[in-house]
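Under the working numbering, the residues of the sequence shown are numbered 1170 to 1431, in order. What follows is a short report on a single structure.
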Amino acid sequence: MKALIKLGGTLLDSASQRDALAAQISAARAKGAELAVVHGGGKQLTRYLAERGIESRFVNGLRVTTPETVDAVLKVFTGSVNHELVASLNRAGALAVGLSGIDGLLVEAEPMDPALGAVGRVTKSNAALLRLLVANGYLPVVACVAGDREGRIYNVNADQMAVACAAAFGAQQLVFLTDVEGVMDGDRHVRASLTVAESRGLIESGIATGGMLAKLNAAVAALTAGVGQVRIAAGAADRVVERLLAGEEIGTRMVTGEAPAP
Ligand SMILES: Nc1ncnc2c1ncn2[C@@H]1O[C@H](COP(=O)(O)OP(=O)(O)OP(=O)(O)O)[C@@H](O)[C@H]1O
Ligand SMILES: [Mg+2]
């Protein structure tokens, strides 16, 4: 099983939760799963900026990224959040390698919208680098920062980064682990499954907002990119990595909505 696990920033904010997830990921690798990790760090970045008197502004769940935000993005995403996770995975027995899209141009981007500043839309990913690491026993841990051939640096929404890496990696499964149990509908019930049309409906009716709006758009893109199984689940759920990789239904499963092939 080849899988990409995306860890939401909030899950990594508590050392005990981070260590628990690191132990699960490391154990899954030891059992033979081929894994790569992408992580966010939205909460940590907002806190870092607030401590410096800088207010965070979002448009459709994407952070408006000024030049001073880019500096903070590097310090927080590729710096502390990435390397604390790498260290935690190493302690759990994995040989984790921390990197971002800038390294070996793992993920290239272009500006998404001038109004968003240095927010990047992924244009290309370097599948060979991920495969090289995994084939040699390393666990890639990718921070959501991308580059380009002009040396520019982009802040990429971590869910979009996960989709790009999952596609490049040829992952059969993409798991978004986050701080809620799944995608909630208008009655605040967690949906067990969600078609592309239903997720558009949740966005258009204003039920899925902010980070979940961005995540649903990314999840739909993952299905379109050919990732077979896409799930959104709580990182805090008991043995969540093992159970999801075993195919258990936890949280929300994204489905294309077409009838399965006979
Ligand atoms: N319909 C919805 N169902 C569930 N969560 C929702 C919904 N609408 C909005 N949300 C919000 O989306 C949040 C999850 O997205 P968020 O971007 O904050 O986390 P993440 O993607 O896991 O972390 P990061 O952005 O750091 O990678 C939830 O905590 C919740 O507040
Ligand atoms: Mg998010």
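Heads up, the beta-carbon is just placed ideally off N, CA and C, and yes, glycines get one too. Since the structure is predicted, the reported quantities are computational estimates derived from the model, not experimental observations.
Tell me whether residue i, by its Cβ, gets closer than 7 Å to a heavy atom of ligand 2.
| i | result |
| --- | --- |
| lysine 1384 | yes |
| alanine 1199 | no |
| alanine 1390 | no |
| alanine 1312 | no |
| alanine 1327 | yes |
| glycine 1210 | no |
| glycine 1380 | yes |
Would you mind sorting residue i into buried or exposed? The rule is 16 or more other CB atoms within 10 Å of its CB.
| i | result |
| --- | --- |
| glycine 1355 | exposed |
| arginine 1408 | exposed |
| glycine 1316 | buried |
| proline 1429 | Only weak support exists for where proline 1429 lies, its pLDDT of 49 falling under 50; the value from the coordinates is given anyway. Exposed: under 16 other Cβ atoms inside 10 Å. |
| aspartate 1282 | exposed |
| valine 1228 | exposed |
| leucine 1301 | exposed |
| lysine 1175 | buried |
| asparagine 1251 | buried |
| asparagine 1324 | buried |
| serine 1185 | exposed |
| serine 1183 | exposed |
Quick one: what's residue i bridged to in DSSP?
| i | result |
| --- | --- |
| asparagine 1324 | Val1288 and Val1314 |
| alanine 1172 | Leu1204 and Gln1342 |
| glutamine 1398 | Gln1342 |
| leucine 1308 | Ala1265 |
| threonine 1234 | Gly1286 |
| phenylalanine 1246 | Answer by DSSP bridge pairing: none, since phenylalanine 1246 is not bridged. |
| methionine 1353 | Val1359 |
| valine 1228 | Leu1231 |
Is any heavy atom in ligand 1 found nearer than 7 Å to the beta carbon of residue i?
| i | result |
| --- | --- |
| methionine 1330 | no |
| alanine 1219 | no |
| leucine 1371 | yes |
| isoleucine 1376 | yes |
| glycine 1420 | no |
| methionine 1353 | yes |
| glycine 1289 | no |
Please state the DSSP three-state secondary structure of residue i.
| i | result |
| --- | --- |
| valine 1239 | helix |
| leucine 1264 | coil |
| leucine 1181 | helix |
| methionine 1330 | helix |
| threonine 1425 | coil |
| arginine 1221 | coil |
| glycine 1420 | coil |
| threonine 1378 | coil |
| alanine 1278 | strand |
| alanine 1296 | helix |
| alanine 1406 | coil |
| proline 1431 | With a pLDDT of only 48 at proline 1431, under 50, the local geometry of the prediction cannot be trusted, and no value is derived from it. |
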